[in-house]
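Notes for the one structure printed next.
There are 2 protein chains.
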Amino acid sequence: MKLKNTKALGRPRSFDTARALDRALLVFWRKGYEGASLSDLTAAMRINRPSLYAAFGDKQSLFRKVLDRYAEGPASHAHRALEERTSRAVVERLLAGTVDLLTGPDHPPGCLLVQGALACGNGAGATRRELIARRDAGETALRLRLQRAKAQGDLPRDANSASLAGYIVTVIHGMSVQAAGGATREELRRVAAIALQSWPTPGESHKKQLGT
Amino acid sequence: MKLKNTKALGRPRSFDTARALDRALLVFWRKGYEGASLSDLTAAMRINRPSLYAAFGDKQSLFRKVLDRYAEGPASHAHRALEERTSRAVVERLLAGTVDLLTGPDHPPGCLLVQGALACGNGAGATRRELIARRDAGETALRLRLQRAKAQGDLPRDANSASLAGYIVTVIHGMSVQAAGGATREELRRVAAIALQSWPTPGESHKKQLGT
DNA sequence: TTATTTTTTTACCGAGCGGTACAAAAATGC
DNA sequence: GCATTTTTGTACCGCTCGGTAAAAAAATAA
C-alpha cells in the first residue's frame, strides 16, 4: 500500500484512475478483450494513449486491473453468497445474484469472465488462460464451500462436492451465454429455479452421486 | 440446385471445397470469428487468398458456410436427438451427444455457436447476431419438441416447455464454456447427470412450473 | 526565478488486418 | 492451332492495430 502522505511531485494526473477503470470495464465487457481496441478504450476512458500506458501499463495489464475491479464491484455478490449458512442458501443466493448481474441495466449483458476471451487469436492466449484460471478459482471456492457443508451435515454424505460445484458453475456460465444472447431477467430466473430442483436435500441420498 | 451434367469450362479448381471448409471450420472453432485471420484460414485450407474469395466469398460468407457445415456434421446429433420417442430420451441423448461433441478429440473443445463470436468488436456485430439467431433456433426446436411431448402426455400438463427448453439449452451452453476451459468428458457427463435430475416425470406435477 | 519531476499532447512507428488487381496457367470449344 | 473461360500465384491496397518518441504543460523544491 502506497500512502500519499505528501503532495506528489510533478504535474498532477487529470483523471480519476478508478473512474477510468470503470469505463474501461464497460468496453471490455461489451466487446471482449480482442474486440476492444485501444481507440475504443481511450475514447471511453476520456484519456489519451500515453496516459493509459503510464497509469495502467499495456492492454493486458489494463485488462487484469479491470478484472480485479469486476470481482470487487459488479461480481462481488459471489463472495457474499458463499457466506450463507446453508449450502442451499449459498446456491440460491449465488444464482439469484448472478441473474441480476447478467441482466443488470447499467452495463452490458453477460459475464466478463466468460465473454472476455472465450476463443481468440494467438495474441490473446495469455488473457484467455487468465480468464480460465479465474473461472476455475470460482468453481474451486464453491467446491470447498460444499465440502464444508458436507462436514456440517448440510449435504448428504454421498454428495459429490466437485460435481455439484461443476453443475452450478455450468449453469451460471450457461446463463451468461443466454444473457449475451438477449435472455431476460425473468427467463433466467425460471432457468435458475429449475436448476435448483436437482439440489440435494440434507437427509436425502442420491444413488448416482458418489465420493468426495 | 446446379447440375454439373457437362465438364466445367476454364481451369479446374485444384482443391476440394468441402475439405477446405472443414479446415476452415477448425480454425474458426479454435480462434473464433475475429480471432481467425485470413492468413490463418488460407494457411489451414492450403489455398491462397483469391481462391478463397472466389470459392466462398468474403470472411463473413465463409463463416456462414462453415456454420452450415458445422450443423450438418459435428453438431448433427442435435437433429437426431429430437427424434427420440420420449422427451426424457430427447434430452438424455441431446446432453450425451453434446458432451461428446464438446470434448471430441479431433477438433477444438467447446461449441462453435457459443465461442464463435460471444462478444466482439464493431466489425463482427452481424456475425454475433447470426450466432444468436442460430442458438435461438436450436432452443426453439427443443421447445416445440417439448410442447409435442406435453400434447402426447409425455410431460406433465403444467410443465413449462419454454422454461425447460431454456434450462437444457443453458446447461448445454454452460458445458460449452466449461469445455473451452478444459473440462473433461467425464466431468461434463457428471454435470449432465445432475442436470437431468430436475427433469419432470410424466405423471408427476411440479408446483412451481406453470403454463405452456 | 530556475531546476526537477511527472503528465499531457501530438505525431508517429512497424506490423498485421481484410480485401483485390493483374497476369500467368490450365482447362474446354471450335 | 487459337480463342475463351476460370483458377492460380504474386504483389499490393488502404486501414487499423497495439505501442511509443519527443516536446509542451503543470505541478513542487530550492
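The listed protein sequences correspond, in order, to chains U and B. Going by my numbering, the residue at position 178 of the first sequence is 159; the numbering climbs one at a time, nothing skipped. Going by my numbering, the residue at position 90 of the second sequence is 71; the numbering climbs one at a time, nothing skipped. Ideal Cβ positions, reconstructed from N, Cα and C, are used throughout, including at glycine.
Chain B residues whose Cβ lies nearer than 7 Å to that of U/Tyr148
Among the residues of chain B, those whose CB is under 7 Å from the CB of U/Tyr148 are Val172, Ile175 and Ala176, following chain order.
Below 8 Å, can you find three or more Cβ-Cβ pairs linking the stretch 21 to 28 of chain U to the stretch 73 to 80 of chain U?
Counting C-beta pairs closer than 8 Å gives fewer than three between the stretch 21 to 28 of chain U and the stretch 73 to 80 of chain U, which falls short of the contact rule.
Beta carbon of U/Gly162 nearer than 8 Å to that of B/Asp117:
In this structure, B/Asp117 lies closer than 8 Å to U/Gly162 by Cβ.
Can U/Gly97 and U/Leu112 be called in contact, C-beta distance under 8 Å?
Yes. Within cutoff.
Pull out every residue of the stretch 147 to 168 of chain B whose Cβ sits closer than 8 Å to any Cβ of chain U, in chain order.
Going along the stretch 147 to 168 of chain B in chain order, one finds Gly147, Tyr148, Val150, Thr151, Val152, Ile153, His154, Gly155, Met156, Ser157, Val158, Gln159, Ala161, Gly162, Gly163, Ala164 and Glu168 with a Cβ nearer than 8 Å to chain U.
Could you give the distance in angstroms between the alpha-carbon of B/Val8 and the alpha-carbon of U/Thr108?
Distance between the alpha carbons of B/Val8 and U/Thr108: 19 Å.
B/Thr(-2): first and last residue of the uninterrupted alpha helix (DSSP H) it sits in
In the DSSP assignment, B/Thr(-2) falls within the unbroken alpha helix (DSSP H) covering Thr(-2) to Gly16.
Which residues of chain U have a Cβ atom closer than 7 Å to the Cβ of B/Glu15, listed in chain order?
Against chain U, a Cβ distance below 7 Å from B/Glu15 picks out Glu15 and Gly16.
Taking 8 Å as the CB-CB cut-off, is U/Gln96 touching chain B?
Interface with chain B (8 Å Cβ-Cβ cutoff): U/Gln96 is included.
What residues of chain B sit near U/Leu12, judged by a beta carbon separation below 9 Å?
The question names Leu, yet the displayed sequence has Lys at residue 12 of chain U. Residues of chain B whose Cβ lies closer than 9 Å to the Cβ of U/Lys12 are, in chain order, Ala100, Cys101, Gly102 and Asn103.
Spatial neighbours of U/Gly13 within its chain, please: C-beta separation below 7 Å, excluding the five flanking residues on both sides.
Apart from the 5 residues on each side of it in sequence, U/Gly13 sits with its Cβ closer than 7 Å to the Cβ of Gln96, Gly97 and Ala98 in its chain, given in chain order.
Which value, in whole angstroms, describes the spacing of the CA atoms of U/Leu33 and U/Asp87?
Computed Cα separation, rounded: 24 Å.
Going by the beta-carbon positions, is the gap between B/Glu120 and B/Gly147 smaller than 8 Å?
In this structure, B/Gly147 lies closer than 8 Å to B/Glu120 by Cβ.
Do U/Ala173 and U/Val80 have their beta-carbon atoms positioned less than 8 Å apart in this structure?
Yes; because the gap between Cβ atoms is below 8 Å, this pair is in contact.
Judging by CA-CA distance, which residue of B/Leu177, B/Asn141, B/Ala130 and B/Ser142 is the nearest neighbour of B/Ile153?
Here the closest residue by C-alpha is B/Leu177.
Mind checking if B/Gly38 is an interface residue toward chain U, Cβ cutoff 8 Å exclusive?
Among the residues facing chain U, B/Gly38 is not included, as its CB has no counterpart in that chain under 8 Å away.
Roughly how many angstroms separate the alpha carbons of B/Arg129 and B/Ser68, rounded to a whole number?
Computed Cα separation, rounded: 9 Å.
Determine the contact status of B/Leu2 and B/Val71, defining contact as a CB-CB distance below 8 Å.
Contact annotation: B/Leu2 and B/Val71 have beta-carbon atoms that are not nearer than 8 Å.
Please state whether DSSP places U/Asn29 in a helix, a strand or coil.
Reduced to three states, the DSSP call for U/Asn29 is coil.
State the start and end residues of the unbroken alpha helix (DSSP H) segment that holds B/Thr108.
It spans Gly106 to Ala132 - the alpha helix (DSSP H) in which B/Thr108 sits, taken as one unbroken run.
So with Cβ pairs under 8 Å, would you call U/Ile28 a contact of chain B?
Output row for U/Ile28: interface = no.
Can you give me the C-alpha to C-alpha distance between U/Phe(-4) and U/Gln41, rounded to a whole angstrom?
If you take the alpha carbons of U/Phe(-4) and U/Gln41, they lie about 21 Å apart.
Let me know the secondary structure DSSP gives B/Ala140 once reduced to three states.
Here B/Ala140 sits in coil by DSSP.
Minimum Cβ-Cβ distance from U/Arg115 to chain B less than 8 Å
Put simply, the CB of U/Arg115 is far from chain B, with every gap to its CB atoms at 8 Å or more.
DSSP on U/Lys(-12), reduced to helix/strand/coil?
Coil at U/Lys(-12), not helix or strand.
Would you verify that the beta carbon of U/Asp81 is, or is not, closer than 8 Å to some beta carbon of chain B?
With respect to chain B, the C-beta atom of U/Asp81 has no partner C-beta closer than 8 Å.
Backbone secondary structure at B/Arg66 - three-state DSSP
The three-state reading of DSSP puts B/Arg66 in coil, since its state is none of H, G, I, E or B.
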